[in-house]
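Residue numbers for the sequence shown follow the numbering used here, beginning at 22 and rising by one. Cβ coordinates follow ideal geometry from the N, Cα and C atoms, glycine included. To keep things clear, I will list the structure first and then write my remarks on it.
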Amino acid sequence: MRTNEDHPGTDGYADRRDFLKYGLVAAGGVAASSLLATEPASAQAAAEGISPPSSIDDESYWKGIRTHFHIDPEVIYLNNGSLGVCPRPVTQAVYDGYVRMGTYGMEARWPLQEQIREARKECAAYLGASENEVVLTRNATQGLMHIANGIRMNRGDAVLMTTDEHIAGINPWRRRAERFGIDMHHVQIPSPPGSVDEVVALFEEAITPRTKVLFFCHITRGPGLLYPVRELSNMARERGIVSAVDGAQSPGMTPVDLHEMGCDLFATSLHKWSLTPPGTGCLYVREGFQDHFWPLSNGNGPWSDNERALWLVEPWGTHEYPIRAAIRPALSFLHSIGLDNIYARDRMLSDYLKERLNELPGIRLGTSRDHSLSSPGITSFEVEGWDAQLLRGILDGKARVRVSTDQGRNHDMIRVSTHFYNTPAEIDKLIDVFKEIL
Ligand SMILES: Cc1ncc(COP(=O)(O)O)c(C=O)c1O
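Shown next, in the form of structure tokens:
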């Protein structure tokens with residue numbers, strides 16, 4: 022795949038050589054070196070300076086981690102599945118970036134673009150992909166739009182998806198179906214399902230000769246189901262079917278290794294479990310699939326003969342450089358704690374929550390207790406006789422406990438998202454409030 026570096030001096034990614042050339046010519050080297058000196062080193066160093074825990078249940082360690090967040094101490098934030106909260110090095114990097122842009126105007130863009138180029142490489146490593154397989158997007162929604170419109174399909178072909186897809190995943194397919202005459206087929210997976218084999222078998226039974234694409238979540242937004250991406254992608258590939266995954270909810274709470282998972286396409290947000298600034302995401306297109314993928318956007322550099330190149334997906338024109346540059350300290354923050362430690366901590370918290378929910382009357386879990394089928398960070402459940410939205414309001418009103426809900430598609434569930442910065446004491450508080458009202 023050709024990269025943006027083939028187009029130095031365009032309005033996309035000009036590289037460091039161009040930046041230096043420009044600076045040296047403009048001011049005998051002064052402009053370039055002063056700008057380089059303002060790179061946001063301190064926020065990055067702060068993110069890298071955190072040590073991993075000695076044990077997952079060492080609450081004093083996690084209390085220390087919590088000091089790196091701005092979270093309102095009066096609030097119990099259990100809604101990371103809607104939006105993650107940025108740690109301080111990340112908000113600092115965003116602030117520093119905009120101050121530099123306010124100080125130097127357009128020239129401040131160059132060092133930020135360097136950071137963005139690094140961020141893209143680091144995202145690829147974070148997701149177990151190669152550098153030329155990943156592009157940065159604004160969010161999962163944007164990546165999902167590129168997926169639904171970028172796969173070659175003919176009139177009468179069908180995409181098979183679950184009944185649990187997020188609206189951001191459904192809408193672009195709906196639009197393509199209306200405009201270009203493809204069909205949308207659906208398979209319903211129980212919440213929770215009984216086994217990985219059951220999930221794969223349900224998909225298999227729903228495939229028809231017209232099925233050209235399998236589209237499903239890695240982790241569902243509502244019931245927090247963990248789908249067996251590798252098994253489903255293998256099954257699809259054996260039948261010549263494309264596998265496309267909505268990964269908005271997974272990186273950051275569960276390890277993601279896209280080469281191992283084997284899907285063709287994967288779109289994710291980074292601003293949920295990876296704690297990057299809102300407005301950041303990633304799209305993965307497997308190397309071997311790139312010749313079958315057609316990005317919707319055109320870039321705004323010189324037209325080339327490789328208009329299908331993946332890099333065209335990235336935002337072009339003037340955009341939010343400091344936001345994207347701050348992906349780096351967010352990933353460094355996670356790596357400093359350790360991705361495996363974060364996974365274990367998230368598992369520990371959601372297992373604890375499930376155990377404590379047993380003490381309440383009328384609870385039906387939508388999330389599986391089986392780790393191979395459940396998200397480590399999302400736990401959803403129905404409370405018999407209660408409207409989930411009403412309960413959500415009561416939790417907030419009584420104790421400022423912030424959760425989300427999953428209503429519709431036969432669900433009426435409270436969704437609790439617990440990430441590593443949450444504590445068992447916060448889960449106890451949630452249970453106390455339920456005990457008061459149920
Ligand atoms: C499964 C799923 N897909 C897509 C999205 C959309 O994500 P974004 O807001 O980052 O575009 C969400 C957001 O909650 C989601 O849960």
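Residue i versus residue j - alpha carbon distance
i, j, result
"residue 477", "residue 264", "The displayed coordinates of the chain run from 22 to 459. Any statement about residue 477 would go beyond what the structure contains."
"residue 366", "residue 291", "19 Å"
"residue 64", "residue 112", "9 Å"
"residue 44", "residue 351", "With a pLDDT of only 47 at residue 44, under 50, the local geometry of the prediction cannot be trusted, and no value is derived from it."
"residue 302", "residue 453", "36 Å"
"residue 51", "residue 109", "For residue 51, the pLDDT reaches just 44, beneath the cut-off of 50, and the residue's location in the model is therefore unreliable, although a value from the coordinates is still provided. So the alpha carbons of these two residues sit roughly 31 Å apart."
"residue 248", "residue 267", "11 Å"
"residue 183", "residue 232", "13 Å"
"residue 433", "residue 282", "31 Å"
"residue 275", "residue 238", "14 Å"
"residue 402", "residue 240", "16 Å"
"residue 421", "residue 95", "7 Å"
"residue 419", "residue 456", "12 Å"
"residue 449", "residue 370", "11 Å"
"residue 427", "residue 91", "27 Å"
"residue 201", "residue 135", "40 Å"
"residue 125", "residue 82", "40 Å"
"residue 439", "residue 424", "10 Å"
"residue 189", "residue 197", "13 Å"
"residue 407", "residue 414", "12 Å"
"residue 318", "residue 168", "12 Å"
"residue 130", "residue 152", "22 Å"
"residue 80", "residue 164", "37 Å"
"residue 73", "residue 400", "26 Å"
"residue 218", "residue 123", "56 Å"
Proximity below 9 Å, CB of residue i to CB of residue j
i, j, result
"residue 180", "residue 224", "no"
"residue 93", "residue 430", "no"
"residue 214", "residue 389", "yes"
"residue 447", "residue 97", "yes"
"residue 148", "residue 279", "yes"
"residue 154", "residue 341", "no"
"residue 363", "residue 412", "no"
"residue 315", "residue 170", "yes"
"residue 357", "residue 68", "yes"
"residue 227", "residue 208", "yes"
"residue 305", "residue 288", "yes"
"residue 320", "residue 337", "yes"
"residue 117", "residue 343", "yes"
Simplified DSSP assignment, three categories, for residue i
i, result
"residue 307", "coil"
"residue 371", "helix"
"residue 43", "Unreliable placement is indicated for residue 43, whose pLDDT of 47 sits below 50; the coordinate value is still reported in the next sentence. Helix at residue 43."
"residue 79", "coil"
"residue 293", "coil"
"residue 455", "helix"
"residue 235", "strand"
"residue 317", "coil"
"residue 333", "helix"
"residue 63", "helix"
"residue 205", "strand"
"residue 200", "helix"
"residue 48", "Any reading at residue 48 needs caution, since the residue's pLDDT is 45, under 50, leaving its predicted position unreliable; the model's value is listed next. The answer is helix: DSSP assigns residue 48 an H, G or I state."
"residue 421", "coil"
"residue 413", "helix"
"residue 403", "strand"
"residue 221", "helix"
"residue 444", "coil"
"residue 98", "strand"
"residue 356", "helix"
"residue 269", "coil"
"residue 104", "coil"
"residue 54", "Residue placement at residue 54 is poorly supported in this model, since its pLDDT is 47, which falls under 50; the coordinates still yield a value, given next. Residue state, collapsed to three classes: helix."
"residue 130", "helix"
"residue 338", "coil"
"residue 280", "helix"
"residue 29", "Bear in mind that the predicted position of residue 29 carries a pLDDT of just 35, short of 50, making it unreliable; the figure below should be weighed with that in mind. Residue 29 falls in the coil class under three-state DSSP."
"residue 164", "helix"
"residue 22", "Confidence is the limiting factor: at residue 22 the pLDDT is only 39, short of 50, which leaves the residue's position unreliable, though a coordinate-based value still follows. In the structure shown, residue 22 sits in coil (DSSP, three-state: anything other than H, G, I, E or B)."
"residue 150", "coil"
"residue 14", "Outside the modelled stretch of the chain, which goes from 22 to 459, sits residue 14, for which no answer is possible."
"residue 433", "strand"
beta-carbon residue i near ligand 3 non-hydrogen atom, thresh 8 Å
i, result
"residue 103", "Ligand 3 is absent from the structure shown, which contains only ligand 1."
Interface flag, residue i vs chain C, CB-CB below 9 Å
i, result
"residue 333", "Absent from the structure: chain C. Only one protein chain is present."
Exercise for the section: Decide yes or no for the touch test of the segment 375–382 against the segment 334–352: beta carbon pairs closer than 8 Å, at least 3 of them. Expected result: no
Problem - Three-pair Cβ contact test at 8 Å for the segment 92–108 versus the segment 440–453 - result: yes
Problem - At least 3 beta-carbon pairs within less than 8 Å: the segment 154–165 vs the segment 296–312 - result: With contact defined as three or more Cβ pairs closer than 8 Å, the segment 154–165 and the segment 296–312 are in contact.
Handout entry: the segment 384–394 touching the segment 238–247, judged by at least three CB pairs closer than 8 Å
Key = By the criterion of at least three beta-carbon pairs nearer than 8 Å, the segment 384–394 is in contact with the segment 238–247.
Practice task
Indicate whether the contact test is met: 3 or more Cβ pairs, each with one atom in the segment 165–175 and one in the segment 129–149, closer than 8 Å.
Solution key: no
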